Every structure is written in structure tokens, then in C-alpha cells.
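Residue numbers (UniProt numbering): 1 to 202.
Using N, Cα and C, we set each Cβ at its ideal position, and we do this for glycine too.
These numbers come from a predicted model, not from an experiment.
Structure record follows, encoded as C-alpha cells.
Have a look at this one:
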């Protein structure tokens, strides 16, 4: 069969047909890639719309802060009734929520309640000692002194200079970063169950 095809195409035109076939194949490949990209964009749009709809349905609880406090107290008393609980990840905070949006609101607007239970840690001599109760933290709390790794001489007497050097911080654990990429990596590794926008502090 190749002999009949080859005999129908003159030798001086055979290269031209081969080139046209390659161009047609490349064009087809480009169209397939465009279709794949369009499908991904459409899927992302649908996912975003579903997320926004879910967020709008659950955001109504934020419009009633007084009821939220009462609901929170009721929840803490009967927390064993719920399948999944959302506990504040900040050290020694005892607040628990029945859904992720409640915890998100707490991390953005609320302050942490310190647990009344003593926290025991392993001391330098190998003995269990009671840890000092930390000051409640909020998203705007300054960086704790023990977290400052660089000598204070580099920043002078201005305690907020360190916050300006590392303006990007994690709302969950207050770690600070010089650029958003460091914070993104931290969020991906340390808090993979959280959406980056929910924990991003600037």
C-alpha cells in the first residue's frame, strides 16, 4: 500500500506533504492542550462557586456574636455529641468549635481562653515541671520575646522592628516570615488541613 501512495505523490512534493502532516499534528496537540486548560478553568470556577456558596450558608452564624458565645458554652458542655471538633491550635487555649468557620472566626477576631489544667513539661534535669501560663494571644499580639532569634542590637530599642523585618505571620502558631513564600511553605507543611488564606497574617 505504501508503494501505491508513494507512487501517487511526486518525489519533489513528498517532503511538503510530510511537513503539512507535522503542522496538522502540532495544531491538533495545541487544541488538545487548550481544551484541557479550558476544562481545568471551568472545574476551578465550579469549585470556587461551590466554596463561596458553602461559605455564604455558614457565614450567617458570624452575624450573631451573642448567640455564638451561648452556643459555644453549650457546645463545650456537650462536645462529646459531635463527630468532629475544631480545637484552637494555640498553646493552652481550651476553646472548641463544632465547625471550621467558628474556629476561623475565633482565630481572626477572638482571644484565647487559657486552660485551667496545669501543663507539665520535661525540665532540663529530666523532671516534670509545671509550665508557666502564657499570656492569651490574639492575631495582633506582638511576637513573644523567646521567639526573637536575632540579637536585639540589630533592631535597636524598637521592639516592633522585628515584626517589620518579618511581616508575614501564621495565625495559628504566630511564626513569622520575611516573604509570603516562606509562610506558604510553612502552611503546606505544618497546617495542611487549613486553607492558606485562612491562616495568612499580614
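Within its own chain, the residues whose Cβ lies closer than 8 Å to the Cβ of residue 100, once the five positions on either side in sequence are excluded, are 86, listed in chain order. Residue 111 and residue 194 have their C-alpha atoms spaced approximately 19 Å apart. Beta-bridge annotation (DSSP): residue 45 is not paired with any residue.
When C-alpha distances from residue 107 are compared across 170, 165, 23, 45, the shortest belongs to 170.
Taking the Cβ atoms as the reference, residue 200 lies roughly 6 Å from residue 183, within the contact range of under 8 Å.
With a 10 Å radius around the Cβ and a threshold of 16 neighbouring Cβ atoms, residue 188 comes out exposed.
Here residue 198 has 104 as same chain residues with Cβ atoms under 7 Å from its own Cβ, once five neighbours each way along the sequence are excluded.
For the pair residue 95 and residue 88, the CB atoms are nearer than the 9 Å cut-off. Annotation for residue 181: the continuous alpha helix (DSSP H) segment containing it runs 180–190.
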